[in-house]
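Colleague: Structure in structure tokens, see below.
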RNA sequence: GACCCCGUAGCUCAGCUGGAUAGAGCAAUUGCCUUCUAAGCAAUAGGUCGCAGGUUCGAAUCCUGCCGGGGUCGCCA
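In the numbering used here, the protein residues as written are 1 to 587.
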């Protein structure tokens with residue numbers, strides 16, 4: 001099972017091959033001139049160039065070969081060699097019934113699944129999650145869902161910042177505040193308390209304080225360094241404190257990601273790979289991959305063909321500490337050990353592009369990456385309406401939970417304004433508001449190209465008209481309501497009949513979904529699916545206005561329209577699910 | 001300074017492995033709720049695709065140069 005254009009491409013490819021031409025020229029696409037035809041094939045033009053022949057003549061020969069195929073209602077030539085194609089209504093109806101009967105809605109399962117590790121987290125212990133984590137989460141989780149649906153094995157790793165100097169700062173901060181705690185008593189033998197000595201709020205307050213003090217006071221910084229070193233060497237009391245910090249932070253992260261509907265398979269962090277670093281570094285040193293330079297241990301990654309000077313990756317600083325590039329390399333080792341991925345995709349802010357060039361080159365140079373490829377999907381900055389990186393009105397960084405609360409609150413306001421759900425329970429209204437809010441947020445992000453910067457405009461996102469997540473939810477929910485009403489009057493979706501005048505556009509759209517999914521998959525561009533979903537919702541809204549379903553007198557036609565509506569719903573929900581957007585039952 | 005990304009309608013953005021007349025949404029104007037949720041639908045208007053060259057039968061798309069905006073460039077992450 002494939003999309004309509006893929007099916008027609010297979011037919012056209014054969015026709016090209018029969019003329020002794022490369023079947024790759026048989027690419028069939030949706031027509032750019034729907035007034036002339038449903039589909040088109042431009043392959044004759046490219047084939048003519050390659051074979052140095054007249055394009056019109058090639059097009060004529062291919063068209064002649066295609067005329068033998070009964071799926072076509074009309075085949076004509078236009079311009080320098082466009083082949084315009086339209087299919088029969090019977091073919092369209094047959095295709096619709098097949099898709100409707102396919103649990104995957106026409107999307108084939110990938111023949112050779114790959115193991116794909118996606119890295120789209122990066123939250124830090126003790127620091128509240130903020131809008132900076134938003135894009136990675138939204139884009140990465142969507143990609144994970146898309147890859148999984150297409151047929152790959154996927155592992156999403158949150159890859160927390162839970163190690164290093166920041167942890168030493170926090171531990172020493174606690175020790176300064178409460179030196180009497182058993183964690184800091186070197187002679188303490190008994191089991192440490194199960195309860196955390198600090199709350200999340202306290203932890204979040206401690207970090208900026210400690211960080212500021214360390215910046216201002218070298219002695220304070222030295223104390224943090226020492227704590228870091230002792231932590232890494234395994235001092236039991238410090239490890240126990242670290243575990244508390246980790247646990248309460250992870251709990252908060254899981255809540256935030258959960259509210260966003262973002263899933264991770266692995267909750268690993270930098271600490272997990274700490275023990276892999278010394279042997280890795282030792283090995284790289286021994287093999288001459290890493291060399292000493294200015295007191296540091298570096299891996300040169302410069303290449304002849306570089307247009308600019310690529311600085312080396314610094315493995316060990318001159319003070320003996322590891323860097324985040326070191327941790328990233330150790331993480332690659334860990335992933336090869338655990339998942340042995342065919343692909344690793346890092347969904348990280350594009351400003352870290354150079355860092356990943358260094359890490360990837362170092363990994364390849366050291367031969368630690370196993371069989372896989374490494375790819376950095378750098379997404380653009382989320383800016384405010386002033387074009388500068390998004391900030392709160394006070395100029396600070398906005399917390400993720402504040403943001404979600406804000407947009408859910410806005411959604412609730414809109415629901416009330418439109419008099420929707422007045423008779424629903426408080427809990428259901430809150431659930432709907434959260435879904436609508438998250439849909440607004442995610443869809444706005446995912447309908448942009450990941451690479452480009454984008455403007456986060458709460459006012460614009462909160463207006464739920466137009467090309468927005470809420471519009472899509474609205475479209476889906478309307479169909480759900482329709483199906484419920486149909487069931488109540490005893491109607492069931494049936495066999496899809498040959499299209500009436502005005503029904504073809506909807507069918508053509510329904511037959512296109514695999515193209516959108518394949519494009520999104522191939523280009524790592526969820527916006528392909530977002531675009532498709534919006535187009536489908538629009539075409540259906542038009543249809544919904546023009547064709548009344550429940551009041552149709554002919555039972556067979558009623559059942560056919562109902563089946564189309566149900567198929568629209570299935571495709572919409574699938575697309576939304578691939579974008580990580582949940583659809584409420586009603587709104 | 002070098003390198004990377006971006007520049008498309010008043011605004012926010014799709015489209016970029018070359019194809020016919022460059023698409024959406026918002027904002028503007030005009031219609032449509034005694035039939036399935038009007039967060040909707042129909043219609044009108046809005047463009048030197050940053051500029052200048054080049055390649056091609058054909059360029060928003062590929063190449064070169066320039067202009068404007070953003071980013072990155074050895075011991076932070």
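Positions of the beta carbon are idealized from the N, C-alpha and C atoms, including for glycine.
Can you tell me which of the three DSSP states residue 153 falls into?
Modeller: Reading the first chain from its first residue, position 153 is the one you call residue 153. Strand, per DSSP.
Colleague: List, from N- to C-terminal side, the alpha helix (DSSP H) runs of 4 residues or more that fit wholly inside the region 440 to 495.
Modeller: Segments of the alpha helix (DSSP H) lying fully in the region 440 to 495: 458 to 462, 469 to 488.
Colleague: Just curious, the alpha helix (DSSP H) that residue 375 is in, first and last residue?
Modeller: Walking along the first chain from the start, residue 375 turns up at place 375. Here residue 375 belongs to no alpha helix (DSSP H); instead the beta strand (DSSP E) covers 373 to 379.
Colleague: By the three-class DSSP mapping on this structure, what secondary structure does residue 310 have?
Modeller: Position 310 of the first chain, counted from the first residue, corresponds to residue 310. Of the three classes helix, strand and coil, the one that applies to residue 310 here is coil, per DSSP.
Colleague: For residue 153 and residue 343, what's the separation of their Cα atoms in angstroms?
Modeller: Here residue 153 is taken as the residue at index 153 of the first chain, counted from 1. Here residue 343 is taken as the residue at index 343 of the first chain, counted from 1. Whole-angstrom Cα-Cα distance: 10 Å.
Colleague: Look at the alpha carbon of residue 471 and the alpha carbon of residue 581, and state the distance between them as a whole number of angstroms.
Modeller: Sequence index remark: in the first chain, residue 471 carries index 471 (1-based). Sequence index remark: in the first chain, residue 581 carries index 581 (1-based). Taking the straight line joining both Cα atoms gives about 12 Å.
Colleague: Am I right that residue 377 and residue 578 are in contact with their C-beta atoms under 8 Å? What's the rounded C-beta distance?
Modeller: Here residue 377 refers to the residue found at position 377 of the first chain. Here residue 578 refers to the residue found at position 578 of the first chain. Residue 377 to residue 578, Cβ: 16 Å. No contact.
Colleague: At 4 residues or longer, and completely inside the region 172 to 248: list those alpha helix (DSSP H) runs for me, N to C.
Modeller: Listed in chain order, they are 200 to 216, 218 to 233.
Colleague: Can you say whether residue 232 is buried or exposed, counting buried as having 16 or more other CB atoms within 10 angstroms of its CB?
Modeller: Reading the first chain from its first residue, position 232 is the one you call residue 232. The residue in question, residue 232, is buried, as its Cβ has 16 or more Cβ neighbours within 10 Å.
Colleague: So who's on the other strand from residue 356, going by DSSP bridges?
Modeller: As a first step, residue 356 is located in the first chain; it is residue number 356 there, counting from the start. According to DSSP, which records beta bridges pairwise, residue 356 is partnered with nothing at all.
Colleague: Do residue 461 and residue 440 count as a contact pair if the criterion is CB distance below 8 Å?
Modeller: Numbered from its first residue, the first chain carries residue 440 at position 440. Numbered from its first residue, the first chain carries residue 461 at position 461. Result yes, Cβ atoms of residue 440 and residue 461 sit closer than 8 Å.
Colleague: Using the beta-carbon count (16 or more within 10 Å), is residue 244 buried or exposed?
Modeller: Mapped onto the first chain, residue 244 falls at position 244. Its Cβ being crowded by 16 or more others within 10 Å, residue 244 is buried.
Colleague: Mind checking residue 76: buried by the 16 CB within 10 Å criterion, or exposed?
Modeller: Position 76 of the first chain, counted from the first residue, corresponds to residue 76. Exposed, because fewer than 16 other Cβ atoms sit within 10 Å of the Cβ of residue 76.
Colleague: Indicate whether residue 248 and residue 196 have their beta-carbon atoms separated by less than 8 Å.
Modeller: Here residue 248 refers to the residue found at position 248 when the first chain is read from its first residue. Here residue 196 refers to the residue found at position 196 when the first chain is read from its first residue. Contact flag set, yes.
Colleague: So which of 451, 556, 291 has the shortest CA-CA distance to residue 500?
Modeller: One-based indexing of the first chain puts residue 500 at position 500. Minimum Cα distance to residue 500 is reached at 556.
Colleague: So, with DSSP's three-state summary, where would you put residue 253?
Modeller: Counted from its first residue, the first chain places residue 253 at position 253. Residue 253 falls in the helix class under three-state DSSP.
Colleague: Anyone know if the C-beta pair for residue 16 and residue 37 falls short of 8 Å?
Modeller: Here residue 16 is taken as the residue at index 16 of the first chain, counted from 1. Here residue 37 is taken as the residue at index 37 of the first chain, counted from 1. Result no, Cβ atoms of residue 16 and residue 37 do not sit closer than 8 Å.
Colleague: Rounded to the nearest angstrom, what separates residue 305 and residue 88 at their Cα positions?
Modeller: Locating residue 305 in the first chain gives position 305, where the first residue counts as 1. Locating residue 88 in the first chain gives position 88, where the first residue counts as 1. For residue 305 and residue 88, the distance between alpha carbons rounds to 54 Å.
Colleague: Would you tell me roughly how many angstroms separate the C-alpha atoms of residue 511 and residue 544, rounded to the nearest one?
Modeller: On the first chain, residue 511 is found 511 positions in, with the first residue counted as 1. On the first chain, residue 544 is found 544 positions in, with the first residue counted as 1. So the alpha carbons of these two residues sit roughly 18 Å apart.
Colleague: Rounded to whole angstroms, what is the Cα-Cα separation between residue 326 and residue 263?
Modeller: Sequence index remark: in the first chain, residue 326 carries index 326 (1-based). Sequence index remark: in the first chain, residue 263 carries index 263 (1-based). Cα to Cα, residue 326 sits roughly 26 Å from residue 263.
Colleague: Tell me, please, which residues DSSP counts as bridged to residue 130.
Modeller: Taking the first chain and counting its residues from 1, one reaches residue 130 at position 130. According to DSSP, which records beta bridges pairwise, residue 130 is partnered with 399.
Colleague: Give me the DSSP bridge partner(s) of residue 40.
Modeller: By 1-based counting over the first chain, the position of residue 40 is 40. In the DSSP output, where bridge partners are listed per residue, residue 40 has 29, 84.
Colleague: Is the CB-CB distance between residue 572 and residue 476 below 8 Å?
Modeller: Translated into the one-based positions of the first chain, residue 572 becomes position 572. Translated into the one-based positions of the first chain, residue 476 becomes position 476. Yes. Within cutoff.
Colleague: Output the distance between the C-alpha atoms of residue 338 and residue 115, rounded to the nearest integer angstrom.
Modeller: Counted from its first residue, the first chain places residue 338 at position 338. Counted from its first residue, the first chain places residue 115 at position 115. Their Cα atoms are separated by approximately 11 Å.
Colleague: Assign residue 290 to one of three DSSP states: helix, strand, or coil.
Modeller: Looking up residue 290 in the first chain gives position 290. Note: residue 290 maps to coil in three-state DSSP.
Colleague: Quick check on residue 105: does DSSP put it in helix, strand or coil?
Modeller: Here the question's residue 105 lines up with position 105 in the first chain. In the structure shown, residue 105 sits in coil (DSSP, three-state: anything other than H, G, I, E or B).
Colleague: Per DSSP, what kind of secondary structure is residue 346 in: helix, strand or coil?
Modeller: For the purposes of this step, residue 346 is taken as the residue at position 346 of the first chain. DSSP places residue 346 in strand when its eight states are reduced to three.
Colleague: Among 4, 284, 552, which residue has its Cα nearest to the Cα of residue 491?
Modeller: If you number the first chain from 1, residue 491 lands on position 491. Checking every option, the nearest Cα to that of residue 491 belongs to 552.
Colleague: I believe residue 41 touches residue 92 by the beta-carbon criterion, under 8 Å. Please report the beta-carbon distance rounded to the nearest angstrom.
Modeller: Residue numbering aside, residue 41 sits at position 41 when the first chain is read from its first letter. Residue numbering aside, residue 92 sits at position 92 when the first chain is read from its first letter. Residue 41 to residue 92, Cβ: 18 Å. No contact.
Colleague: Since residue 279 sits in a beta bridge, which residues does DSSP pair it with?
Modeller: Position 279 of the first chain, counted from the first residue, corresponds to residue 279. Beta-bridge pairing links residue 279 to no other residue.
Colleague: Look up residue 124 in the DSSP assignment and give the residues it is bridged to.
Modeller: Working through the first chain from its first residue, we reach residue 124 at position 124. 161, per the DSSP bridge assignment.
Colleague: DSSP puts residue 389 in a beta bridge; with which residues?
Modeller: Your numbering for residue 389 matches position 389 in the first chain. 383, per the DSSP bridge assignment.
Colleague: With H, G and I counted as helix, E and B as strand and the rest as coil, what does DSSP make of residue 525?
Modeller: Start at 1 with the first residue of the first chain, and residue 525 comes out as number 525. Here residue 525 sits in coil by DSSP.
Colleague: For residue 448, which residues from the same chain have a beta carbon less than 7 Å from its beta carbon, with the 5 sequence-adjacent residues on both sides left out?
Modeller: Counted from its first residue, the first chain places residue 448 at position 448. If we look at residue 448 and ignore the five residues flanking it on each side, its Cβ neighbours are 454, 527.
Colleague: Roughly how many whole angstroms lie between the Cα atoms of residue 97 and residue 363?
Modeller: The count along the first chain starts at 1 and reaches residue 97 at position 97. The count along the first chain starts at 1 and reaches residue 363 at position 363. Using only the alpha carbons, I get a separation of about 50 Å.
Colleague: Once the 5 residues before and after residue 481 are set aside, which same chain residues still bring their CB inside 8 Å of it?
Modeller: The residue given as residue 481 occupies position 481 in the first chain. Within the same chain, residue 481 has close Cβ partners 586.
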